[in-house]
Structure formats: structure tokens, C-alpha cells
Amino acid sequence: MDTVSSRFHSYATPEECVKGKPFPVTLPYETLPPVYRTIVNNRITPCYSLGWVVSRDSLVARLDPEQRWSCILTAFQKSRIPTEWKKQCGHLWPTTKPDFFIWGRDDVLVFITHNDYQCDIDRSTDEELMKKIKDIVGETDDPMWYLVPDK
Numbered sequence: 001m002d003t004v005s006s007r008f009h010s011y012a013t014p015e016e017c018v019k020g021k022p023f024p025v026t027l028p029y030e031t032l033p034p035v036y037r038t039i040v041n042n043r044i045t046p047c048y049s050l051g052w053v054v055s056r057d058s059l060v061a062r063l064d065p066e067q068r069w070s071c072i073l074t075a076f077q078k079s080r081i082p083t084e085w086k087k088q089c090g091h092l093w094p095t096t097k098p099d100f101f102i103w104g105r106d107d108v109l110v111f112i113t114h115n116d117y118q119c120d121i122d123r124s125t126d127e128e129l130m131k132k133i134k135d136i137v138g139e140t141d142d143p144m145w146y147l148v149p150d151k
């Protein structure tokens with residue numbers, strides 16, 4: 001008797017996923033990750049997010065300098081980031097939008113895309129678009145690809 005529902009099919013067999021070199025925790029902006037869940041060197045590619053790790057306090061201070069909102073989610077949603085993204089980048093990169101999640105105890109990962117689709121990985125290499133994005137998000141450094149917990 002099968003212990004796994006037949007509705008779900010793994011992306012790779014156990015034989016295809018023998019131990020290999022682990023994926024790095026971070027990748028520089030210029031080093032594009034493979035597409036999520038594809039098999040590379042006998043390993044399933046994990047999820048990477050392209051973004052910046054910033055301290056929670058500095059992000060809240062930047063998003064909500066007047067301290068109007070009690071939580072970081074509201075501060076992010078009410079900040080200029082979603083509005084400016086829609087105005088300047090939404091038509092250029094319609095498959096993604098900036099978001100964030102708590103990264104450890106004191107940090108936040110502000111990200112703009114994942115490695116879910118090749119089109120998003122390819123779009124992340126557009127230098128003109130990346131300049132706009134860095135301005136919208138308020139960052140001067142290039143983003144990095146961060147290995148994130150499996151979705």
C-alpha cells in the first residue's frame with residue numbers, strides 16, 4: 001500500500017537526488033541561481049530570493065519615520081514602495097513585486113523576486129530596471145540571492 005497520495009508526484013526520484021555539493025546560502029547578484037526545484041548536480045534547487053537583508057529597526061525607520069503604524073507589515077504596505085513599484089516597474093516586470101519577510105531575530109529580507117521562473121531570473125539582470133528598483137526600495141548596493149526556507 002502506498003503511503004503517499006498518488007496526486008502528488010515528486011520532482012525527482014531519490015536516485016536522482018543523491019548527495020552532492022550543497023547550494024550556497026548566498027549568491028552574488030551576477031550569479032544567477034537555477035530555477036527552483038530543477039535538478040542541478042543531483043540536487044533539487046532550493047528557493048532563492050533576490051533582495052537585501054536589512055535591520056528591522058532601520059527598515060521601519062525608513063518606511064515609517066513618523067511612527068504612524070504599529071507593525072512592519074502596515075508600514076511596508078503604506079510606504080511609497082508598492083505605489084512606486086506599480087508606477088515605475090509594474091508594466092516592466094508584471095510577474096513580481098517587492099515584499100519582505102522576517103529574517104532571523106533582528107533582520108528583514110526585502111526581496112523583489114524568487115527563482116521560481118526563468119523569466120524572473122532573466123529579468124533580474126536588466127541593469128536599468130535594477131537602478132529603478134534600488135531607488136524605490138532605498139538601497140544603493142546590488143541585491144543578493146538568498147537561499148530561503150522551502151515554501
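For what it's worth, full-length UniProt numbering labels the leading residue of the sequence shown as 1, then goes sequentially. Every residue, glycine too, gets a C-beta built ideally from N, C-alpha and C.
Report yes if the C-beta distance between residue i and residue j is below 8 Å; otherwise report no.
i, j, result
"residue 161", "Y36", "Residue 161 is absent from the model: the chain starts at 1 and stops at 151."
"D106", "W52", "no"
"I112", "I133", "yes"
Taking the alpha-carbon of residue i as reference, which of the options has the nearest alpha-carbon?
i, options, result
"residue 204", "N42, P22, R105, K87", "Outside the modelled stretch of the chain, which goes from 1 to 151, sits residue 204, for which no answer is possible."
"I44", "G104, F76, I136, P33", "P33"
"E84", "G138, L147, V25, K21", "G138"
"F100", "E128, I39, T74", "T74"
"V110", "C89, T95, F76", "F76"
Can you tell me whether residue i is helix, strand or coil according to DSSP?
i, result
"D2", "In this prediction, D2 has a pLDDT of 44, which is less than 50 and means its spatial position is unreliable; what the coordinates show is noted afterwards. Coil."
"V54", "strand"
"F76", "helix"
"R37", "coil"
"R43", "strand"
"L63", "helix"
"W93", "coil"
What are the boundary residues of the alpha helix (DSSP H) that includes residue i?
i, result
"V25", "Looking at the DSSP string, V25 is not in any alpha helix (DSSP H), and its letter there is neither H nor E."
"D122", "118 to 123"
"D99", "Element bounds for D99: not the alpha helix (DSSP H) but the beta strand (DSSP E), 99 to 103."
"L129", "127 to 137"
For the beta strand (DSSP E) containing residue i, list its first residue and its last residue.
i, result
"D107", "107 to 114"
"W145", "144 to 147"
The segment 57 to 74 / the segment 39 to 48 touching (three or more Cβ pairs under 8 Å): Inter-segment contact for the segment 57 to 74 and the segment 39 to 48 is absent: fewer than three beta-carbon pairs are separated by less than 8 Å.
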